[in-house]
Amino acid sequence: MELLVDLFGYLSIIVHGLTIVSQSMALGGTLFLVFLARSLGSRLDRFGIAAGTARIAGYAALALLLCEAAAVALQTAVLMETVGLGLRNVLGADFAVAGLVKTAAAAAMAAALLGLRERAPVLPLLALTLIELAAATLTTHAAARLDNSEWLLVVEGLHQLGAAIWIGGIPCFLLTLARINDGVTFRLVGARFSRMSMAGVACILVSGVTMSMMYIGSLQGFYGTAFGVMVGAKIGMFLMLLALGGMNFLLVERLRSNPGTSVNRLRRFAEVEFGIGIAIFFAAASLTSVPPAVDLTQDRVSWQEIVERNTPEWPRLSSPDHDVLALPALQAKLDAEAAAQKGAPQVAFIPGAGDLPPRNADDIAWSEYNHHWAGLFVVAVGLLALLNRAGLRWARHWPLCFLGLAVFLFFRSDPETWPMGDIGFLESFRDVEVLQHRFFVLLIVVFTYFEWRVRATNWTNRNAALVFPLLCAAGGTMLLTHSHAIANVKDQLLIELTHTPLALAGIAAGWGRWLEIRLNPRENPVAWQIAGWVWPAYILFCGLLLLSYREA
């Protein structure tokens, strides 16, 4: 139970992100079934689109049930442990009631969709969709506002509805594209989903602008608070989605004049749209862990501080000794005092105890050294990948640079833990920041293995080639949820201002490589060429960002 309490903040973000993904797929799939698959039934019946759509939405509803139940159980357990409330009192709280309603609605939706498939009655499905949406809005920032809460609840609901229609409906759209085999039907489905997506985009735009005005309030709130920075990340990814959606819209229009037009690009861009949409959902989950910008009137970062922190300086390529870091120095002092008094030494820092580890100037230098050397590894990866793309065969071994990065981070990222520090390997996982660092190291090792085998040994397993782009995009998405154990709010935000563009570049690199693999170079030569050059350029950009990283 203590470990659960220690990791609660990070786990709640991850579970909430999974909840948003499954909710959007369940609601989007249901709306796709009602307004597209059934509406075009005479055209789609022979392809089994309605049944397949019902299956996707049903399993998404089942996943939503599990995620929401886990979220309620997690919050209930932590409240009972930390505050001492009884089970009945916790379950009577607004968040628990809303969560239980969502769970019940998801269970009914899953039963109807998986049990009756395409025969599930429309009106009950739409009613369950509205109930699910209404309950979901009661767990947002709008429910906690003292002013304009009713209006904001409507806007939050509109925002979630738009995301469900557009992003949540994409898996069903991909299923449809995979099953139909004639250009006329392609055009009908593409045109209908384009109209649905435009309605979703309109909902997102109207609600997004309104919430930005109500939750951020000013330009300084946008760039000077964690809430504003994460909203900026969502806007950046939303613009990526608009670009992809716009190109798909043009291709659907081309089908009007030429039903024989290849839809390979339409499928692949839709896959990337869904992947970026998932990243947006996790960014939205991360927003729930920070207060709206309008409520944070103190400790905002000024524009001058941002410029000063991000002014390029020569990278730090020499490291301070481990013994001069704040925590080892403090532990050595406590050990010496205990030896003088012939007593048991006091532990300087206990992971997960709720206290932040001490830091000094040498800790900052240690961290900057780590980031700068990591930047050298990543710059080497980007340059070698570009050279390999240009035709230099020997540069195909570039993934091995990532292996060197993984080893470097394993030893250096958390100096207070094993193998360099006194905190044991398993014990260190009670610290959320250490847990995230170990996770990123594991991601790097896994995709290094797969990508190197694909590049160097001509591994023909096509699915193996997809591991690198998927994990690269996943790593960028998880970086959006990454937190730092730093007491100074301004310093923490200034670090996030560096990590956010890193996350966005990682996401773009991953999905760029995905397009290079998945596009047909004969049917889409220009898009394939662009994707092949863009993703290593983003990797190189990540390396340059790391080389310019500063904490003071």
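Per my numbering, the sequence shown starts with residue 588, numbered consecutively. Glycine residues also receive a C-beta, built at the ideal position from the N, C-alpha and C atoms.
Boundaries of the alpha helix (DSSP H) in which residue i is found, first to last residue
i     : result
M817  : 813-844
F1012 : F1012 -> no alpha helix (DSSP H), and no H or E assigned at all.
D949  : 948-976
Y1036 : 1019-1043
K1152 : Here the chain covers residues 588 to 1139 and nothing more, so residue 1152 does not appear.
R896  : 890-897
C855  : Sequence inspection shows Arg at residue 855; the Cys mentioned does not correspond to that position. Note, R855: alpha helix (DSSP H), 851-874.
G749  : 736-750
E719  : 709-724
Y810  : 806-810
F997  : 986-999
T690  : 681-703
L631  : 628-631
R1049 : 1049-1052
Buried versus exposed call for residue i [16 or more other C-beta atoms within 10 Å across all chains shown]
i     : result
K920  : exposed
Q747  : buried
N835  : buried
M800  : exposed
F634  : buried
N1111 : buried
K929  : exposed
N957  : buried
F814  : buried
S889  : exposed
P846  : exposed
E611  : Note on residue identity: the sequence assigns Ser, not Glu, to residue 611. The residue is buried, with at least 16 neighbouring Cβ atoms inside 10 Å.
W1039 : buried
T848  : buried
T884  : exposed
P1006 : exposed
F861  : buried
D950  : buried
C-beta contact flag for residue i and residue j at 8 Å
i     : j     : result
Y802  : H959  : no
V621  : V709  : yes
A650  : S599  : no
L1067 : L1030 : no
A658  : A613  : no
L992  : V1019 : no
I865  : L828  : no
S784  : G819  : no
I1094 : A1060 : yes
L701  : G645  : yes
A872  : H1069 : no
L652  : A694  : yes
V677  : L745  : no
L996  : V1028 : yes
N851  : N1107 : yes
V968  : F998  : no
F809  : I867  : no
I752  : A731  : no
W1120 : R976  : yes
E1138 : D1078 : yes
Y1125 : A1090 : no
P945  : A925  : no
R774  : L842  : yes
L762  : R854  : no
P1056 : I1104 : yes
L672  : M696  : no
Candidates the options, of which the one nearest residue i by Cα
i     : options                    : result
D1001 : L990, E1014, F989          : E1014
A698  : A685, I643, T1085, A722    : I643
G616  : G604, A637, G628, G596     : A637
G1063 : A870, Q807, L838           : A870
A685  : L713, N676, A721           : A721
N947  : C988, S876, P907           : P907
W1098 : L874, V881, Q885, P1123    : P1123
V1054 : R1025, T1035, C1129, H1069 : T1035
V771  : L973, W1120, R630, L678    : R630
R782  : N975, V1028, L623, L963    : L623
M817  : L1080, R1109, L1133        : L1080
V1086 : T724, L1131, D910, T716    : The sequence shown places His at residue 1086, rather than the Val named in the question. Of the listed residues, the one whose Cα sits closest to H1086 is L1131.
C790  : G749, A778, L762, T797     : G749
E892  : T724, Q662, R704, Q807     : Q807
R903  : L1133, T663, F619, G1008   : L1133
F1128 : R675, P986, L970           : L970
Interface flag, residue i vs chain D, CB-CB below 8 Å
i    : result
A698 : Going by chain labels, chain D is absent from the structure shown, which holds only one protein chain.
Heavy atom of the ligand ZN within 7 Å of residue i beta-carbon
i    : result
R980 : The ligand ZN is not part of the structure shown, which contains no ligands of any sort.
Could you pull out every unbroken alpha helix (DSSP H) segment of at least 4 residues lying fully inside the stretch 1067-1115, listed in chain order? If we require 4 residues or more, the alpha helix (DSSP H) runs fully inside the stretch 1067-1115 come out as 1076-1105.
Unbroken stretches of the alpha helix (DSSP H), 4 residues or longer, contained in the stretch 761-792: Within the stretch 761-792, there are no complete alpha helix (DSSP H) runs of at least 4 residues.
At which residue ranges does the stretch 636-675 contain complete alpha helix (DSSP H) runs of 4 or more residues, listed in the order of the chain? 636-669
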